[in-house]
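Residue numbers (our numbering), protein chains in the order written: chain C, 18 to 267; chain R, 924 to 1281; chain P, 4 to 73.
The structure under discussion appears below in the form of structure tokens.
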Amino acid sequence: MKQVFGKTNVLSANPTHYCPGCDHGVVHRLIAESLEELEVADRSIGVAPVGCSVFAYDYFNIDFNQAAHGRAPAVATGIKRTRPDSIVFTYQGDGDLAAIGTAEIIHAANRGENITVVFINNGIYGMTGGQMAPTTLVGMKTQTSPYGRDAATMGSPIRVSEIIATLESPAYVTRVTVNTIANQIKTKKAIKNAFTLQKEKKGFSFVEIVCICPTNWGKKPTDAHKWLTENMLPVFPLGTFKDIHGIEKA
Amino acid sequence: MAKVLMKGNEALGEAAILAGCRYYFGYPITPQSELPAYLAKRLPQVDGVFVQAESEVAAINMVYGAASAGARVMTSSSSPGISLKQEGISYIAGAELPCLIVNVMRGGPGLGNINPSQSDYWQATRGGGHGDYRTLVMAPNSVQEMADFTLAAFEYADRFKNPVLMLSDGVLGQMMEPVVMPAPKDYDMDSKKWSLGYTGKDKTARNLCTSIFMGQEELEEHNWSLYQKYQVITDFFKANKDLAVEEYLCDDAEVVLVGYGIISRILKTVVEKCRKRGIKAGLVRPKVLWPFPSDVFAKLADKASKFLVVEMSYGQMVEDVKLAVEGKKPVYFFGRTGGAVPSDFEILNEVDKIVRPD
Amino acid sequence: MSKWVINESLCKGCGICIERCPMKILAFAEHLTPKGVHPSSMTDESKCTSCAICAKSCPDVAIQIYKEEK
């Protein structure tokens, strides 16, 4: 018998605290496998956010920094400027990146910092119990929009990838999802592209991953993936908004 | 080395480079913008990194990142900007990282004005940020000390794995005095084997920088170890009094004047004028504000009759003096705010009032 | 040796692998794990093609897949 699939050593042996079916576990694995395949794990440094993935560092066998809410791109800037040969990535949720951290992500992207940002967009705040996020859909009921998000007083969901893509400096900006195995393969490619660009010192890369939050969406994981397809993807279209080095064709 | 005439802010910048600091992250704010401007020019000349961050919040987080990766790193700001940095400073202290934060104090609260003040003493010595932590606080009073204290600050930061805060003010930052720059220090990032991105062959496990400890016992243990570290720092300065405090003519002093930073320069003149008038005045100038030299005051309270604390605020350090004196002798206060730097005449008047109350 | 190996202590019973298995040979087991969930289990390994879709779907990386060598 030959092993066809096993757990990479870049992931730690710790069981995760994530909810059953949560996409964090999948994305962690795609990141870990990408770092392993690119042979950069031993010089990688992750920056964990505040959110469900605050303990992301418990699940990877690489150097990690736990950052204040929203500040990961600034923390990553400090790390990368100090250790330019490290592969530095942030891992952030929609509150961390699109609410409190809007200044930090825009400016790290604008400076063209040679880092990779992984943005987990599930349209809700998980860790704190299901409040509205900047990416929550209009009409969606959350703990802080109990009558449904009202665009007139609460705004509409923010499409961060598109905003980042308007900046001169970013090298690679793409939005993917892991709701099917086919899309998971594309997500891993996107993550690997991003890390490859960083390895080649080609600038700032941004990978937005539309994910489920079964617990706070009030759905079974399998139903949540369907709901994502039908409701999230029309608002957050998949695609690559910037690829100045043509990494996707490489 | 040669004596040069330099502005306080710039002397600090040059000294940082001599200390081996190669990373600066900051944001413009009056009256300290000369410091980032100076480093924007100097750091690229020494293969260092200067980043003008998008805010003081971003800047302190860049410092947190760089410090976790082993850098000798600093930031600077003035009062309102230091307020913005408080969460970041709490993280740096919680994660036990070294760095230098310079506060060139200006008038407050709120936007205040751009004139000098000493109204951030509480912010500096009482935390400012959340949680049970301390920053080592240094208070230079001359351009020479702006330079010398900077080198010391980086050494203390590394030795104690703690953020160090340097309290300057609008006068010290802007004034020009002759200074002899200290000798340069060698600094090697990889001497910090705990730093992120360290890839030495002796690395056996990954390195982690965090300040979250979810378990009750875990966090209690962490806080206890921080507390013990602060005891070590306190004991260090008790054992090295010359580094912590300057005492001038205190041996036979009946009135002890207390002040730090630019105020201490004026108080020295006041002491001399007092002595000429037959008033036995002395001066205690804390050079380190946290840990506060309480034992010096406790001892003096046995000999001296009165204390007069002078600050460019409505009274912050005076509370620490009162605590240290433990009610043994009266502690008086004189302060000016809004940017007024009291003259020696004003202070002499105050001394007169307390020495000759009739 | 098995083609399909699960570390039951990692399984959270999310059911994604069961839904995605193209051969429809996975199902919730009768028993409970120490975590209190019905873990995924193999119902007919002879039909398993070692495609590893289940393993790749698992957020907890609980499944390992092996293939018969020819």
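Using N, Cα and C, we set each Cβ at its ideal position, and we do this for glycine too.
Our two residues, Thr191 (chain C) and Thr159 (chain C), have alpha carbons roughly 27 Å apart in a direct line.
Rounded to the nearest angstrom, the gap between the Cα atoms of Ser978 (chain R) and Val1025 (chain R) is 15 Å. In this structure, DSSP gives Phe1268 (chain R) a helical state, which the three-state scheme calls helix.
With at least 16 other beta carbons inside 10 angstroms of its own, Pro238 (chain C) counts as buried.
About 5 Å separates the beta carbon of Val227 (chain C) from that of Phe253 (chain C), a gap short enough to meet the 8 Å contact definition.
When the Cα atoms are used, Ile117 (chain C) and Asn233 (chain C) turn out to be separated by approximately 20 Å. The bridge partners DSSP lists for Glu225 (chain C) are C:Phe136 and C:Arg192.
Of all residues in the region 80-106 of chain C, those with a C-beta nearer than 9 Å to a C-beta of chain R are Asp80, Phe81, Asn82, Gln83, Ala84, Ala85, His86, Gly87, Arg88, Ala89, Pro90, Ala91, Val92, Ala93, Thr94, Gly95, Ile96, Lys97, Arg98, Thr99, Arg100, Asp102, Ser103 and Val105, reading in chain order. Between Asn196 (chain C) and Thr246 (chain C), the C-beta gap is smaller than 8 Å, which places the two residues in contact. The Cβ-Cβ distance between Ala934 (chain R) and Met1069 (chain R) falls below 8 Å.
Pro37 (chain C) and Pro1086 (chain R) have their alpha carbons spaced roughly 41 Å apart.
Look at Thr1048 (chain R): its C-beta is not under 8 Å from any C-beta on chain C. Within the region 1213-1263 of chain R, the runs of alpha helix (DSSP H) that reach at least 4 residues and sit entirely inside it are, in chain order, 1217-1226 and 1240-1248. For Val1181 (chain R), the closest C-alpha among the options R:Gly1052, R:Glu1169 and R:Asp1174 is that of R:Glu1169.
Burial state of Thr99 (chain C) is buried, judged by a 10 Å Cβ sphere holding 16 or more other Cβ atoms.
Ranked by Cα distance from Gly1030 (chain R), the options R:Cys1022, R:Pro1021, R:Ser1040 and R:Leu1023 are led by R:Ser1040. Contact annotation for Asp63 (chain P) against chain C: Pro32, Thr33, Tyr35, Pro37 and Gly42 [CB-CB distance below 9 Å, chain order]. Rounded to whole angstroms, Lys73 (chain P) and Lys19 (chain C) show a C-alpha spacing of 10 Å.
Looking at the DSSP output, Arg1208 (chain R) bridges to R:Glu1169.
Gly172 (chain C) is not a Cβ neighbour of Gly165 (chain C), given a cutoff of 8 Å. The region 938-952 of chain R and the region 970-988 of chain R touch, with three or more beta-carbon pairs separated by less than 8 Å. Arg965 (chain R) has a beta carbon lying at 8 Å or more from every beta carbon in chain C. Partner residues in the beta bridge of Ser61 (chain C), as assigned by DSSP, are C:Ile104. By the criterion of at least three beta-carbon pairs nearer than 8 Å, the region 1051-1071 of chain R is not in contact with the region 1196-1207 of chain R. Excluding the 5 residues flanking it on each side, Pro954 (chain R) has same chain C-beta neighbours closer than 7 Å at Ser1001, Val1027, Arg1029, Ile1037, Gly1093, Gly1096 and Gln1097, in chain order. The region 100-114 of chain C makes contact with the region 135-151 of chain C: 3 or more CB pairs, one atom from each, lie closer than 8 Å. Pro25 (chain P) is classed as exposed because its beta carbon has fewer than 16 other beta carbons within 10 Å across all chains shown.
Cβ proximity to chain R below 8 Å picks out Ile123, His124 and Arg128 from the region 123-146 of chain C. The beta-carbon of Glu121 (chain C) is placed less than 8 Å from the nearest beta-carbon of chain R.
In the DSSP assignment, the residues bridged to Arg1029 (chain R) are R:Pro1039. Here the alpha carbons of Trp1117 (chain R) and Val1179 (chain R) stand approximately 46 Å from one another. At a C-beta separation below 7 Å, Asn1130 (chain R) has these neighbours in chain C: Asp80.
For Thr159 (chain C), DSSP records a beta bridge to C:Ser162. Under a criterion of Cβ atoms nearer than 8 Å, the residues of chain P adjacent to Ile198 (chain C) are, in order, Arg23, Ile56, Lys59 and Ser60. The shortest C-alpha to C-alpha distance from Met1137 (chain R) to any of C:Asp75, C:Pro101 and C:Arg46 is the one to C:Asp75. At a beta-carbon threshold of 7 Å, the residues of chain R lying near Tyr74 (chain C) are Leu1131 and Thr1133, ordered along the chain.
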